[in-house]
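First up is the structure itself, then whatever we jot down about it.
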DNA sequence: AGAATAGTGTCTCTCAGACATTATTTG
DNA sequence: CAAATAATGTCTGAGAGACACTATTCT
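Okay, here's the thing in structure tokens:
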């Protein structure tokens, strides 16, 4: 029998780093980590399963979800025929601790040993996210509702893994027309920074040129 | 029970038009068209099922295949719980008539009425193909092993649905470095045209700027 | 010779990328 | 006033897009 499930690559910015949520069977002595997920119920859509997993794992109902790829090689899970429809999830803002027992956040670029083909899935998700960041506005999904331009730049840098020029970043992100200034500022050390928000009317896919080629 | 299957959007250039392969139950009086596909066997990978369907439908073993999206809404196929993993297939050159009974090529942009959500799937496949054509070399998959630049331009125009400037097209496609000239020419009416071929060492994804933004 | 198709070059304008200084606030 | 962070503008080079004529072959 073919078992159909949905697995998730849940990503979040925590302390400026891109982290991924992994689960382990608390029973076993050697920790074996895996992506969260669950079997698909008879009457659930794939999207609904992904959403339910997201809520179960993080307690948050806010999050961006996107279907990534479906993995169906007969040998990918030894002893069973499991087909996994994998979703990529981005959580807004620094998420709290995982709500699910055995769940923990890990550095997305240097995860522990993962079960099955989950390491390949994670790497693919990161590649796709980096790629997507270059020509869509999906990066905003990792931040709070309002944010400073520096925070936004840090988010992009965390995902892309490289430093970006401050002036060029601002010029491009502002000319893309997907964010707009608010009247609020974030204070702290140094000069206060203006807060921005996503524009409601911003198109998800930035039609124009890539943002970061 | 959840039924898992693979369906295909098979596209081919026929008489300069982009056409899609559809199947019908020859028994029924009112033709009801659908995308070709089949159930996933216990020991088959999804890719293998797609490849097998491609061969069964067209008799050709040459073809580009790429996983497109997995459709799993409980209501998409009335009375059954069917999850479809859909592959996009591009056939090289003008394909012959379909090998499968009930199969026929149709104008991809103006298909007949389709069963289930297959119309939405087809439209999504076309959108993705057009989008992908802008920044990858995937367009070559619709042509023979060697081709003239005019043929290549016609292929791009057929998919994109718009006319392209001859000089700009040539400049960009040549500077992309994915094709190379052969010593052969195609003769016919008018001046013979040089034949080109794909470069074996061409990267699938053109890293540089989009070809046709 | 005429019809048909192949093949080629330039200019302009926009945008990406590199780069350093001034402005505002807190302690 | 020192430390910290925010905010801003210019120059240069590459490439996209618009555009028209010459070259070669066949009948």
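Protein chains in written order, with our numbering: chain A, 129 to 341; chain B, 129 to 341. Think of the CB as a built atom: it goes at the ideal place given N, C-alpha and C, for glycine as much as any other residue.
- prompt: Looking at chain B, which residues of the stretch 182–197 of chain A have a Cβ within less than 8 Å of any of its Cβ atoms?
  reply: Taking 8 Å as the Cβ-Cβ cut-off, the stretch 182–197 of chain A approaches chain B at 195, 197, given in chain order.
field: Residues that DSSP places opposite residue 145 (chain B) in a beta bridge
entry: Here residue 145 (chain B) refers to the residue found at position 17 of the second chain. DSSP output for residue 145 (chain B) lists B:142 as bridge partner(s).
task: Compare the beta carbon distance of residue 269 (chain B) and residue 220 (chain B) with 9 Å and say whether it is the shorter of the two.
output: Here residue 269 (chain B) refers to the residue found at position 141 when the second chain is read from its first residue. Here residue 220 (chain B) refers to the residue found at position 92 when the second chain is read from its first residue. Yes, these two residues count as a Cβ contact at 9 Å.
- prompt: So, using beta-carbon positions, are residue 132 (chain B) and residue 132 (chain A) closer together than 9 Å?
  reply: Residue numbering aside, residue 132 (chain B) sits at position 4 when the second chain is read from its first letter. Residue numbering aside, residue 132 (chain A) sits at position 4 when the first chain is read from its first letter. Remark: C-beta atoms of residue 132 (chain B) and residue 132 (chain A) approach each other more closely than 9 Å.
Spatial distance of residue 181 (chain B) from residue 206 (chain A) (CA atoms): Your numbering for residue 181 (chain B) matches position 53 in the second chain. Your numbering for residue 206 (chain A) matches position 78 in the first chain. Between residue 181 (chain B) and residue 206 (chain A), the C-alpha separation is close to 26 Å.
field: Proximity below 9 Å, CB of residue 167 (chain A) to CB of residue 195 (chain A)
entry: Position 39 of the first chain, counting from 1, holds the residue named residue 167 (chain A). Position 67 of the first chain, counting from 1, holds the residue named residue 195 (chain A). In this structure, the beta-carbon distance from residue 167 (chain A) to residue 195 (chain A) does not fall below 9 Å.
query: Can you list the residues of chain A that residue 170 (chain B) reaches, using a CB-CB cut of under 9 Å?
result: Residue mapping note: residue 170 (chain B) aligns to position 42 of the second chain, counting from 1. Within 9 Å Cβ-Cβ: 129, 130, 202, 209.
DSSP beta-bridge partners of residue 186 (chain B): If you number the second chain from 1, residue 186 (chain B) lands on position 58. Beta-bridge pairing links residue 186 (chain B) to no other residue.
field: Alpha-carbon spacing of residue 260 (chain A) relative to residue 285 (chain A), whole angstroms
entry: As a working note, residue 260 (chain A) is residue 132 in the first chain. As a working note, residue 285 (chain A) is residue 157 in the first chain. The alpha-carbon atoms of residue 260 (chain A) and residue 285 (chain A) are separated by roughly 14 Å.
- prompt: Are residue 227 (chain A) and residue 187 (chain A) close, meaning C-beta to C-beta below 9 Å?
  reply: As a working mapping, residue 227 (chain A) is identified with position 99 in the first chain. As a working mapping, residue 187 (chain A) is identified with position 59 in the first chain. With contacts defined as CB atoms closer than 9 Å, residue 227 (chain A) and residue 187 (chain A) qualify as a contacting pair.
message: Closer than 8 Å is the cut-off here; do at least three beta carbon pairs connect the stretch 290–303 of chain B with the stretch 227–246 of chain B?
response: Cβ pair count under 8 Å is below three, so no.
message: Buried or exposed, going by whether 16 or more other CB atoms sit within 10 Å of the CB of residue 135 (chain B)?
response: As a first step, residue 135 (chain B) is located in the second chain; it is residue number 7 there, counting from the start. So residue 135 (chain B) ends up on the buried side.
- prompt: Just to confirm, are residue 214 (chain B) and residue 197 (chain B) a CB contact at a threshold of 9 Å?
  reply: Within the second chain, residue 214 (chain B) is the residue found at index 86, counting from 1. Within the second chain, residue 197 (chain B) is the residue found at index 69, counting from 1. Residue 214 (chain B) is a Cβ neighbour of residue 197 (chain B), given a cutoff of 9 Å.
query: By Cβ distance below 6 Å, which residues in the same chain neighbour residue 161 (chain B) in space, the five residues on each side in sequence not counted?
result: Along the second chain, read from residue 1 onward, the residue named residue 161 (chain B) stands at position 33. Result list for residue 161 (chain B): 150, 152, 240, 242, in chain order.
message: Using the three-state DSSP reduction, which class does residue 264 (chain A) fall into: helix, strand or coil?
response: As a working note, residue 264 (chain A) is residue 136 in the first chain. Residue 264 (chain A) falls in the coil class under three-state DSSP.
field: Partners in chain B for residue 174 (chain A), counting only beta-carbon separations shorter than 9 Å
entry: Locating residue 174 (chain A) in the first chain gives position 46, counting from the first residue. What residue 174 (chain A) touches in chain B: 198, 199, 200, 201, 211.
- request: Determine, using beta carbons only, whether residue 278 (chain A) and residue 321 (chain A) come nearer to each other than 9 Å.
  value: On the first chain, residue 278 (chain A) is found 150 positions in, with the first residue counted as 1. On the first chain, residue 321 (chain A) is found 193 positions in, with the first residue counted as 1. A contact, by the Cβ cut-off of 9 Å.
field: 6 Å Cβ shell around residue 309 (chain A) - same chain, five flanking residues per side excluded
entry: Looking up residue 309 (chain A) in the first chain gives position 181. Around residue 309 (chain A), the same chain offers 322, 324 as residues with beta carbons nearer than 6 Å, after the five sequence neighbours per side are excluded.
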